[in-house]
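Protein sequences appear in the order of chains A and B. Under this note's numbering, residues 305 to 776 are what the first sequence spells out, in order. Under this note's numbering, residues 305 to 776 are what the second sequence spells out, in order. We put the beta carbon where it would ideally sit given N, CA and C, even for glycine. As the structure is a computational prediction, the values presented were derived from the model and not from experiment.
Number of protein chains: 2
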Amino acid sequence: MSKPSIPQGTRDFSPAEVRRRQYIFNTLRTIFELYGAQPLETPSMENLTTLMGKYGEEGDRLIFKILNNGLHEKKDADKDKLNSEWNNVLSRPYSTPVVTERALRYDLTIPFARYVVMHQNDIAFPFRRYQMQPVWRADRPQKGRYREFWQCDVDMVGSTSLINEAELLCIYQTAFQKLKVPVTIKVNSRKLLAALADLCGMPEKMIDITVALDKLDKIGWVGVANELKERGIAEDGIWQIEKVINVKGTNDEKLVAYADIMQHSAVGMEGINELGKTLAYYRSLEFGIGDLDSDNGREENIVVDISLARGLNYYTGVIVEVVCSSEAVKMGSIGGGGRYDDLTGLFGLKGVSGVGISFGIDRIYDVMEELDVFPKQLVEGTKAMLVNFGGENETYALQILQQLRAANIAAEIYPDAAKFDKQMKYANRRGIAYVLLPGDEERQKNMVSVKNFETGEQKMMSVGEAVISLQS
Amino acid sequence: MSKPSIPQGTRDFSPAEVRRRQYIFNTLRTIFELYGAQPLETPSMENLTTLMGKYGEEGDRLIFKILNNGLHEKKDADKDKLNSEWNNVLSRPYSTPVVTERALRYDLTIPFARYVVMHQNDIAFPFRRYQMQPVWRADRPQKGRYREFWQCDVDMVGSTSLINEAELLCIYQTAFQKLKVPVTIKVNSRKLLAALADLCGMPEKMIDITVALDKLDKIGWVGVANELKERGIAEDGIWQIEKVINVKGTNDEKLVAYADIMQHSAVGMEGINELGKTLAYYRSLEFGIGDLDSDNGREENIVVDISLARGLNYYTGVIVEVVCSSEAVKMGSIGGGGRYDDLTGLFGLKGVSGVGISFGIDRIYDVMEELDVFPKQLVEGTKAMLVNFGGENETYALQILQQLRAANIAAEIYPDAAKFDKQMKYANRRGIAYVLLPGDEERQKNMVSVKNFETGEQKMMSVGEAVISLQS
Chain A
305 MSKPSIPQGT
315 RDFSPAEVRR
325 RQYIFNTLRT
335 IFELYGAQPL
345 ETPSMENLTT
355 LMGKYGEEGD
365 RLIFKILNNG
375 LHEKKDADKD
385 KLNSEWNNVL
395 SRPYSTPVVT
405 ERALRYDLTI
415 PFARYVVMHQ
425 NDIAFPFRRY
435 QMQPVWRADR
445 PQKGRYREFW
455 QCDVDMVGST
465 SLINEAELLC
475 IYQTAFQKLK
485 VPVTIKVNSR
495 KLLAALADLC
505 GMPEKMIDIT
515 VALDKLDKIG
525 WVGVANELKE
535 RGIAEDGIWQ
545 IEKVINVKGT
555 NDEKLVAYAD
565 IMQHSAVGME
575 GINELGKTLA
585 YYRSLEFGIG
595 DLDSDNGREE
605 NIVVDISLAR
615 GLNYYTGVIV
625 EVVCSSEAVK
635 MGSIGGGGRY
645 DDLTGLFGLK
655 GVSGVGISFG
665 IDRIYDVMEE
675 LDVFPKQLVE
685 GTKAMLVNFG
695 GENETYALQI
705 LQQLRAANIA
715 AEIYPDAAKF
725 DKQMKYANRR
735 GIAYVLLPGD
745 EERQKNMVSV
755 KNFETGEQKM
765 MSVGEAVISL
775 QS
Chain B
305 MSKPSIPQGT
315 RDFSPAEVRR
325 RQYIFNTLRT
335 IFELYGAQPL
345 ETPSMENLTT
355 LMGKYGEEGD
365 RLIFKILNNG
375 LHEKKDADKD
385 KLNSEWNNVL
395 SRPYSTPVVT
405 ERALRYDLTI
415 PFARYVVMHQ
425 NDIAFPFRRY
435 QMQPVWRADR
445 PQKGRYREFW
455 QCDVDMVGST
465 SLINEAELLC
475 IYQTAFQKLK
485 VPVTIKVNSR
495 KLLAALADLC
505 GMPEKMIDIT
515 VALDKLDKIG
525 WVGVANELKE
535 RGIAEDGIWQ
545 IEKVINVKGT
555 NDEKLVAYAD
565 IMQHSAVGME
575 GINELGKTLA
585 YYRSLEFGIG
595 DLDSDNGREE
605 NIVVDISLAR
615 GLNYYTGVIV
625 EVVCSSEAVK
635 MGSIGGGGRY
645 DDLTGLFGLK
655 GVSGVGISFG
665 IDRIYDVMEE
675 LDVFPKQLVE
685 GTKAMLVNFG
695 GENETYALQI
705 LQQLRAANIA
715 AEIYPDAAKF
725 DKQMKYANRR
735 GIAYVLLPGD
745 EERQKNMVSV
755 KNFETGEQKM
765 MSVGEAVISL
775 QS
């Protein structure tokens, strides 16, 4: 028999890990509900046609496809068809429905768009939903990148108001504050990126410029300038872009400077206006919860950053990205999102604008571990264990056990009348705080001895007293 | 563009459905934790070799297999290999690792066994874990049967004590009591089924007898007797089985009568002894939480039923099944489980006995809907909506909004300064209880009007007063 294993890029979550992950999910869920967002869940499997072509060529390649069932039960006549379709599987990533017609969810956004289109008549718009589910990608596994990982999205669709953008900034702020993760939130607009292309006189080069700028953090300006040149941007254009990149100052100062440089780009002025309004809405919201002394509330960690690009092609307006600002942690983006003007158009419903953000649960988990900010009591579990002395004492212990549970005390009995040392060793390994000893003396007196595992202190008391002392 | 859809047998869960499902999950989670069980999660994908051959021939057929990625990128030389392996896919359900090496989780038991074997050195035994995750089966979809559905299991491994069986009965009782689902819990032992085969003098026919008996509810004794005959059981054997089936009375009376009939079957006497002990432990546990007047606590809905078979072959001792006892509901089993003596042996770890039960979440959900026992406040969500009057009033509204949320009141603002009627219609469709009206007058007085949507009552008050009145 070979040693069992799990597929590369997947993980088992131990009890302690599940509890910590639940803590993150519950914290986020509570905040989302406070903001009026509603929970949604979609199936793990989607029709392959729903997913293919939505994530670019790379995405098509990375989608996990499910083999149709019962292929070996087909009649011989059908097998000819199957064999010819098999050749299609071998020649392109867009596999044939005869061999595979279902695939695993690749993200939460496309299934959400599909849901909105299917249920457009039942939904009260604007519709705010949140969704926390796993997604699967056949990426090469590496540190912090898994083949099964969790996404957590909040989206607001059916409204073009920038209040939505501002609310999402508040959600990010509140969430990371509650999780005790210090962050920087970068904001930009796809429209400013389009304006850069305008400045170069090459509006068709927006994607090239975006891709190059995205590397600013990694390769510095000289590297970016070289890449821009390779991608066919003229010297003068590169100089214009450098001027924009070099703008420093507060968010308001940056927007004023951009407006000066981009005054002849209609799309640029639109982007600047939208970013300004988003920040103004954000300040009004923040004003409501204090920081009244400061002009801009919790804005010190929100940074307008024109080099922020975000990979996905469907963004059209404000975009946003979250990174951990602690020096101690090296981790890429732990969240991001933006405005998309026509996502549901992919499935035939035009004119529904939306904006959404995502939380990278697995990376947030890793950051919280590194920062050691998970609440200590999360790993607790069982609070009291009854030692099993067998015979009549066992019967007596079972009766005590249910009284503890009825008082909401997580409790268990060692199920076998094993050696005392073995039982204590188990309680110790489990990190159980109290051990209850219902021996002969205790049973005859209708009492129980309670031992505090940490202090070693042991005291005999009535069962009622034990319940009260364990509840505190 | 074709209308979007989801794969047959899968479901989207709307906000109201997600909240109700969460209610079930949270109720069960709370109980499991009280009983000292620890949460575990395993990957959606397992290696195909982990799953194949574990669920019988039918299971192998119904496992969803994942096509390996990047097949179209293989070199031509490798494609010869692929083509020959493809023929294996077409000839047997046990597909080849070259074409498919991963599959979707089919149940929670085998992954649990795999986990225990992989982590045997880190686990403190006896190990009690619970797990609530979806599983996938390529079954033909029908009412109450889905291709993606949720299982929820509690298992206790590493102890042969029948206290575990009794604790699981208590978990079932407490869970269905909390969920307000009236149930009958049937118990039996695989050992009694083996004894029936002994009685017939045909110990090798145990499975045949089990399969036939399992249909007692549906086809009655005459039908079962016919099937037994077809399956080669002699007249005398059938007569012995009928005698056992005809035993009526309390659980204790049944066990006494069985002992009389099965006195020459060692395995039968063992099974009777185990059932008796399990019920005794159960009564001790129940005694702890009252029902002191009655001799056997909450035992009236626990029924020893010798026709109970449970399909899975790995059970070896006590088995259990839960059905809803309400006349109003027609639904098969909503839970079941039993003792298995050597599950981890499948993966090379011998001698670890376990016992577990399962909750059929999707069926329990359906039953609770039919009985209308979900708490009413679950669908609530947003409690207060601020009407958006635009301009300065919008700014004022945003400030109020964050004060509500800071006081833990789920609130939202209509994001656009749309027509008043449109905003009210939205609030109505969403079922929002209170609408807050921050107009010119309110803003100038630093107050807000609060409208109770149900009574129609409207009152102007300070924001602080509004917060307090909405909190209550």
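When you check each C-beta in the segment 696–718 of chain A against every C-beta of chain B, which residues fall closer than 9 Å? Those residues of the segment 696–718 of chain A that come within reach of chain B (Cβ to Cβ, closer than 9 Å) are Glu698, Thr699, Tyr700, Ala701, Leu702, Gln703, Ile704, Leu705, Gln706, Gln707, Leu708, Arg709, Ala710, Asn712, Ile713, Ala714, Ala715, Glu716, Ile717, Tyr718.
Closer than 7 Å, Cβ to any Cβ of chain A: which residues of the segment 656–680 of chain B, in chain order? Among the residues of the segment 656–680 of chain B, none has a Cβ less than 7 Å away from any Cβ of chain A.
Measure from the C-beta of A/Met349 to each C-beta in chain B and report whether the shortest distance is under 8 Å. Taking CB atoms only, A/Met349 has a neighbour in chain B less than 8 Å away.
What does DSSP give as the partner residue(s) for B/Val461 in the beta ladder? B/Val461 pairs with B/Phe431, B/Gly658.
Quick check on B/Gln477 - is its C-beta less than 8 Å from some C-beta in chain A? Chain A contact via Cβ: absent.
If you draw a straight line from the C-alpha of B/Glu625 to the C-alpha of A/Gly735, how long is it? B/Glu625 and A/Gly735: Cα-Cα distance of roughly 34 Å.
Might you give, ordered along the chain, the residues of its own chain that have their beta carbon closer than 8 Å to the beta carbon of A/Ile704, omitting 5 neighbours on each side? Same-chain partners within the cutoff: Leu690, Leu740, Pro742, Val752, Val767, Ala770.
Can you find a CB in chain B that lies within less than 8 Å of the CB of A/Met422? Answer yes: the Cβ-Cβ gap between A/Met422 and chain B drops below 8 Å somewhere.
Of the residues that make up the segment 369–385 of chain B, which ones have a beta carbon closer than 9 Å to any beta carbon in chain A? Here the close residues are Lys369, Ile370, Leu371, Asn372, Asn373, Gly374, Leu375, His376, Glu377, Lys378, Lys383.
Alpha helix (DSSP H) runs wholly inside the segment 452–523 of chain A, at least 4 long, in chain order: Counting only runs of 4 or more, we get 467–482, 494–503, 510–517.
Inspect the CB distances between the segment 653–665 of chain B and the segment 523–531 of chain B and report whether three or more fall short of 8 Å. By the Cβ rule, the segment 653–665 of chain B does not count as touching the segment 523–531 of chain B, because fewer than three pairs are nearer than 8 Å.
Along the segment 340–367 of chain A, where does the CB come closer than 9 Å to a CB of chain B? Name the residues. When CB distances to chain B are screened at a threshold of 9 Å, the residues of the segment 340–367 of chain A falling below it are Gly340, Ala341, Gln342, Pro343, Leu344, Glu345, Thr346, Pro347, Ser348, Met349, Glu350, Asn351, Thr353, Thr354, Arg365, Leu366, Ile367, in chain order.
Could you give the distance in angstroms between the alpha-carbon of A/Tyr419 and the alpha-carbon of B/Thr759? Approximately 34 Å between the Cα atoms of the pair.
Considering only residues of the segment 663–709 of chain B, which uninterrupted alpha helix (DSSP H) runs meet the minimum length of 4 residues and lie entirely inside it, listed in chain order? Listed in chain order, they are 665–675.
Counting only the same chain and skipping the five closest in sequence on each side, list residues whose C-beta sits under 7 Å from that of A/Thr353. Contacts found: none.
What did DSSP end up calling A/Asn330 once you bin it into helix, strand or coil? If DSSP states are grouped into helix, strand and coil, A/Asn330 belongs with the helices.
Going by DSSP, what residues sit across from B/Tyr738 in a beta bridge? DSSP lists B/Ala688, B/Asn756 as partners of B/Tyr738.
Quick test of the definition: if touching needs 3 or more C-beta pairs under 8 Å, does the segment 309–316 of chain B touch the segment 337–352 of chain A? The segment 309–316 of chain B, when compared against the segment 337–352 of chain A, does touch it at the 8 Å Cβ threshold.
Should A/Gly768 be flagged as near chain B, meaning a C-beta pair shorter than 8 Å? Look at A/Gly768: its C-beta is not under 8 Å from any C-beta on chain B.
To the nearest angstrom, how far is it from the Cα of A/Ile414 to the Cα of A/Ile367? Spanning the two alpha carbons is a distance of roughly 13 Å.
C-beta atoms of B/Met510 and B/Leu496 nearer than 8 Å: Going by beta carbons, B/Met510 and B/Leu496 fall outside the 8 Å limit.
Would a check of beta-carbon distances place B/Phe651 closer than 8 Å to chain A? Interface residue, yes.
Do A/Glu471 and A/Tyr339 count as a contact pair if the criterion is CB distance below 8 Å? Judged by beta-carbon spacing, A/Glu471 lies within the 8 Å limit of A/Tyr339, meaning their Cβ atoms are closer than that value.
So, at 7 Å on beta carbons, what are the nonlocal neighbours of B/Ser598 in its own chain, with the 5 sequence-adjacent residues on each side left out? Bear in mind that a pLDDT of 47 at B/Ser598, under 50, signals an unreliable position, so the model cannot answer this.
Looking at C-alpha atoms only, which residue of B/Val622, B/Glu696, B/Ala710, B/Ser637 is the closest neighbour of B/Asn750? Of B/Val622, B/Glu696, B/Ala710, B/Ser637, the residue nearest in Cα terms is B/Glu696.
With a cut-off of 8 Å, do at least 3 Cβ pairs link the segment 602–615 of chain A to the segment 547–562 of chain A? With the cut-off at 8 Å, the segment 602–615 of chain A and the segment 547–562 of chain A touch.
Can you name the residues of chain A whose CB is closer than 9 Å to the CB of B/Glu337? Simply Gly685, Thr686, Ala714.
Where does A/Met573 fall in DSSP's three states? DSSP places A/Met573 in the helix class (H, G or I) of the three-state scheme.
For chain A, check one thing: does any of its Cβ atoms lie closer than 8 Å to the Cβ of B/Arg734? Chain A, which has a Cβ nearer than 8 Å to the Cβ of B/Arg734, makes this yes.
Closer than 8 Å is the cut-off here; do at least three beta carbon pairs connect the segment 704–714 of chain B with the segment 329–343 of chain A? Segments in contact, yes.
When you compare each of B/Thr346, B/Asp316, B/Gly313, B/Leu332 to A/Val322 by their alpha carbons, which one comes out closest? Closest by alpha carbon: B/Thr346.
Tell me, to the nearest whole angstrom, how far the beta carbon of B/Leu503 is from that of B/Ile545; I am working on the premise that it is less than 8 Å. At roughly 7 Å, the Cβ-Cβ gap stays under 8 Å, so B/Leu503 and B/Ile545 are in contact.
Hey, is B/Ser598's beta-carbon within less than 8 Å of any beta-carbon in chain A? With a pLDDT of only 47 at B/Ser598, under 50, the local geometry of the prediction cannot be trusted, and the value read off the model is given with reservation. Answer no: the Cβ-Cβ gap between B/Ser598 and chain A never drops below 8 Å.
Going by Cα to Cα distance, which pick from B/Arg365, B/Val403, B/Arg396 is closest to B/Lys383? Per the Cα distances, B/Val403.
On the three-state DSSP scale, how would you describe B/Arg643? In this structure, B/Arg643 counts as strand in the three-state DSSP scheme.
Pair within 8 Å by beta-carbon distance, B/Tyr434 and B/Pro343: Taking C-beta atoms as the reference points, B/Tyr434 and B/Pro343 count as a pair closer than 8 Å.
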